[in-house]
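Read through the structure below, which is laid out as structure tokens, and then see the notes.
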Amino acid sequence: MSEMENLAALPVNQCIKIFVQRDFTDGTAVKFQNKYPPELRGKIEESQFSQTLNTLNGLYAEAESLSSRTYCESCFACLTAYLAYLCMDTYYEKCLKKVNRYIEEQNKTVYVPRGVMLVDPVERGLRVLEICLLNETNHR
Amino acid sequence: MPKKVRKWEVFPGKNKFYCNGRIMMAKQSGIFYLTCSLIVVTSGLFFGFDCVYLAEHVTPAIPAIGVALFLFVMSTLFRTSFSDPGVIPRSTPDEAAEIEKQIEVPNTSSPGTYRPPPRTREVVVKGQVIKLKYCFTCKIFRPPRASHCSLCDNCVERFDHHCPWVGNCVGKRNYRYFYLFILSLSVLCIYIFACVLTHLILRAQNDNFLNAMKESPASIVEAIICFFSVWSIIGLAGFHTYLATSEQTTNEDIKGSFTAKRGQDNFNPYSKGSIIKNCMTVLCGPTAPSLLDRRGFVVPEVSQALVVQVSENPEKEHNSVNVRHEYYGSTNITNQKTNSTGMNTADDINNESKNVAKREMITYQTPDGTVNSKLPPNSGGGPPTCTGRKNHIWDMTLNQLNYMDIVIPITSENTESGTKGEKTVVSRGCSTEY
Ligand SMILES: [Zn+2]
Ligand SMILES: [Zn+2]
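Sequences listed follow chains A and B, in order. Each residue of the first sequence is one higher than the one before, starting from 1 at the first, in the UniProt record's numbering. Each residue of the second sequence is one higher than the one before, starting from 1 at the first, in the UniProt record's numbering.
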């Protein structure tokens, strides 16, 4: 019990969170709205933020694209009666891992030193991109 | 140490899980077992009686093709039934609060009359206006094409329908397997029926038909099962072929979402343009991974009561200031005490966060000699804000915990000049660079 009590003192829980919603204008493929949240003013430049989002959206678009690679992979899996999926990562999963690495790298080099942290959307079910303002308390 | 809990064990939907979370099904799966046994029994009779005769008198290719078809049918059936249909995870409390805030904004403008807050949001998908409905259970605005399955109590992406025959929802992630299942099942059905007829006719050539039926009664059973099921299966396969070519779901087709109504020009914004492209997308498009992380570990939840205890701690500490001072040392020492043990398990997080919390408790000596200890302001801004809020650490994953306690600013006014405004950097694991 004593260990659990202290968890409450961790800062991220009470910090202000910004949610970047999904952009559905091009269909149901994963894409986030590239709209600069005013809360980030003074922390992250607009160009930096939109560059990050463009890269992110590009990575997701690659995962969702109907490339010949995806076709071949799916056809191969189909021929093995989908048993191949038991022992291989799909291209989509590889892309999501790339996204995770990219977000980690961006957090390390750009966002966390300025008191902002991006949360990998996959941890929020690809619904939203959560941005935590680490130094601000949420008084509610 | 408490037992580590996996996420499927606390999953909020009405699903059943097997094999430590690898298999996910709807709660009611009785009809699924009926489907399974019908297919297995019919195919078993076919392999046991007809195939032996046909392999001997016609060609051994008949049982070979039969086995391949049967394996494909079973594997697509199991894929449909045992996989996540594309469940959208429920929103985190913070996210829900944000949505709640957005919803309530237009309501405050008219204080006199209470109107229920608008629970829909409109988005434009390729020029077509689509209404997104708010899901009260999942606390999210359902993305386009998603729907809430009342039997499973989940929002499912590209929801097609809940199929009791396969004992699961059919949605974005398993529609392909479902479609291939019905397609291959109708082929298997026709194949068995044709083989059984051939078998009986071949036997009848030597003997009369009645004797042939007496010699192989199993064939009659198979023929009857196939004859009665093949029509509905072929019908279903045809219907889903139509849906696949027009990139619609059963749900949208029943609702008539894309049929022109009241003079409004309605079209299907999700269609890829051509019949072939739509079919290819369904059959070999990208395979989206499950978003549930069923086998991941739950980071323990901290209850509200415990949060209150913590916020009272600084008061208690005043009585034992000297002890604490020795124990925690000064802020400078805290800075040096950054340990970077590679931790990755839930157990470690407990220990680690205990350490972190201790470091966060800043004990310092003011110029007049009194010793104070208090929590830095950013961890809740003192008792009043702490108590009101529930803690949701359990929503976080290990990855986030790595970042959680990186930056702890000391902004207390009593702090000595050297440490004022300085940021205590607590590193752990891979985050040493910060
Ligand atoms: Zn729902
Ligand atoms: Zn369902």
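Where is the CB? At the ideal position from N, CA and C, for every residue including glycine.
query                                                                                                                                  : result
Rounded distance between the beta-carbons of residue 219 of chain B and residue 187 of chain B, thought under 8 Å                      : Rounded, the Cβ-Cβ distance is 19 Å, inconsistent with contact.
Chain B within 8 Å of residue 47 of chain A, Cβ atoms only                                                                             : no
Cβ-heavy atom distance, residue 137 of chain B to ligand 1, below 7 Å                                                                  : yes
Within-8 Å CB hit, residue 101 of chain A to chain B                                                                                   : no
Status (buried if at least 16 other CB within 10 Å, exposed otherwise) for residue 501 of chain B                                      : Residue 501 of chain B lies beyond the stretch modelled for chain B, which goes from 1 to 434, so this question has no answer here.
Ligand 1 heavy atom lying under 7 Å from the CB of residue 152 of chain B                                                              : no
Pick from B:4, B:251, B:216 and B:64 that is closest to residue 160 of chain B, judged by C-alpha positions                            : B:251
Residues of its chain near residue 77 of chain A, where Cβ-Cβ distance is below 6 Å and the 5 sequence neighbours each way are ignored : 84 and 85
Proximity test, residue 146 of chain B beta-carbon vs ligand 3 heavy atom, cut-off 7 Å                                                 : With respect to small molecules bound, the structure shown includes ligand 1 and ligand 2 and not ligand 3.
Near ligand 2: residue 84 of chain A beta-carbon under 7 Å from a heavy atom                                                           : no
Per-residue burial, residue 18 of chain B [other beta carbons within 10 Å of its own, 16 or more giving buried]                        : exposed
Rounded Cβ spacing between residue 245 of chain B and residue 278 of chain B (contact assumed at less than 8 Å)                        : 5 Å
Beta-carbon separation (whole angstroms), residue 144 of chain A vs residue 177 of chain B, contact threshold 8 Å                      : There is no way to answer for residue 144 of chain A, as the model of chain A reaches only from 1 to 140.
Residue 155 of chain B: CB within 7 Å of a non-hydrogen atom of ligand 1                                                               : yes
Inter-residue CB distance, residue 138 of chain B and residue 152 of chain B (contact presumed, cutoff 8 Å)                            : With a Cβ gap of about 12 Å, residue 138 of chain B and residue 152 of chain B do not count as contacting.
beta-carbon residue 240 of chain B near ligand 2 non-hydrogen atom, thresh 7 Å                                                         : no
CB contact check: residue 142 of chain A to chain B, cutoff 8 Å                                                                        : Nothing can be reported for residue 142 of chain A: it is not among the residues displayed for chain A, which extend from 1 to 140.
Among B:65, B:82, B:166 and B:75, the one whose alpha carbon lies nearest that of residue 80 of chain A                                : B:75
Residue-level contact to chain B via CB, residue 91 of chain A, 8 Å cutoff                                                             : yes
Per DSSP, cross-strand counterpart(s) of residue 130 of chain A                                                                        : A:19 and A:119
is_contact[residue 123 of chain B, chain A] using C-beta, thresh 8 Å                                                                   : yes
Among B:91, B:28, B:51 and B:10, nearest to residue 123 of chain A - alpha-carbon criterion                                            : B:91
Where residue 269 of chain B meets chain A, residues with beta-carbon distance less than 8 Å                                           : 27
Which of helix, strand or coil DSSP assigns to residue 88 of chain A                                                                   : coil
Contact set between residue 128 of chain A and chain B, taken where Cβ atoms lie within less than 7 Å                                  : 95
Contact set between residue 122 of chain A and chain B, taken where Cβ atoms lie within less than 9 Å                                  : 289, 291 and 293
Bridge partners - residue 280 of chain B, DSSP secondary structure assignment                                                          : Residue 280 of chain B pairs with nothing; no bridge assigned.
Ligand 2 heavy atom lying under 7 Å from the CB of residue 19 of chain B                                                               : no
Unbroken beta strand (DSSP E) run spanning residue 47 of chain B, endpoints                                                            : That residue, residue 47 of chain B, is in no beta strand (DSSP E); it is neither H nor E in DSSP.
Local conformation of residue 104 of chain A per DSSP, three classes                                                                   : helix
Per-residue contacts from residue 72 of chain B into chain A (C-beta, under 7 Å)                                                       : 81
Residue 30 of chain A and residue 95 of chain B closer than 8 Å at C-beta                                                              : no
Chain B within 8 Å of residue 59 of chain A, Cβ atoms only                                                                             : no
Classification of residue 83 of chain B by the beta-carbon crowding that lies within 10 angstroms, buried from 16 upward               : buried
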